[in-house]
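Asker: For the sequence shown, our numbering begins at 338 and goes up steadily by one.
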Amino acid sequence: MTSALYVSAAMALLAVPGLLVGTALRLRGWFLIGCAPALTVGTAGVLGAWFGVLDIPWEPLPVAGGVAVVAGVAALAARTWRTTRREAPRTEHPYAWYHHAGIAGALGLAAVIGATAVWSGTERLQGVHQYWDAMFHANAIRY
Numbered sequence: 338m339t340s341a342l343y344v345s346a347a348m349a350l351l352a353v354p355g356l357l358v359g360t361a362l363r364l365r366g367w368f369l370i371g372c373a374p375a376l377t378v379g380t381a382g383v384l385g386a387w388f389g390v391l392d393i394p395w396e397p398l399p400v401a402g403g404v405a406v407v408a409g410v411a412a413l414a415a416r417t418w419r420t421t422r423r424e425a426p427r428t429e430h431p432y433a434w435y436h437h438a439g440i441a442g443a444l445g446l447a448a449v450i451g452a453t454a455v456w457s458g459t460e461r462l463q464g465v466h467q468y469w470d471a472m473f474h475a476n477a478i479r480y
């Protein structure tokens, strides 16, 4: 596979679960797109903890099912929240093209800064990162 395909797959893995959970939470537009990576990381953290407790293997099908369960719980919570609170009146604030361009540029810049930090911090994705539980992962891979 080419590098572009690897990067595209990594972006999809970072965004798609968060997009599903965010959509279940009724997030929309740029807010949904901007929150998707954080929601993915949060979902993976919750699933990682529960999978460890329940002795579920961290494999694609169980993880996809776990994301579906988290999205279902999020949808239920959003529905319950919406029915228990009073709706505020909505006002229209249409975005012009330059608003969209500014938001897209800010999200793109944040993505580039994050990718650059990961790229340089892992020696072009070749080195083991030296934070969190790197020693455990290095030893688990080695032995």
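Ideal Cβ placement from N, Cα and C applies to all residues, glycine included.
From which residue to which residue does the alpha helix (DSSP H) around tyrosine 435 run?
Answerer: 434-458
Asker: Find out if the Cβ-Cβ distance for the pair leucine 444, glycine 371 is shorter than 7 Å.
Answerer: yes
Asker: Reducing DSSP to helix, strand and coil, say where tryptophan 395 ends up.
Answerer: coil
Asker: Tell me the DSSP secondary structure of threonine 339 in three-state form.
Answerer: DSSP places threonine 339 in coil when its eight states are reduced to three.
Asker: In whole angstroms, give me the CA-to-CA distance for tryptophan 367 and alanine 448.
Answerer: 14 Å
Asker: If you reduce the DSSP assignment to three classes, tell me which class proline 487 lands in.
Answerer: No information on residue 487 is available, as it lies outside the stretch 338 to 480 that the chain covers here.
Asker: Measure the beta-carbon distance from alanine 361 to alanine 415 and round it to whole angstroms, keeping in mind my assumption that it falls under 8 Å.
Answerer: 7 Å
Asker: Run the CB neighbour count on leucine 376, radius 10 Å, all protein chains shown included, and call it buried at 16 or more, exposed below.
Answerer: buried
Asker: Quick one: what does DSSP say threonine 428 is sitting in, helix, strand or coil?
Answerer: Collapsing the DSSP output to three states places threonine 428 in coil.
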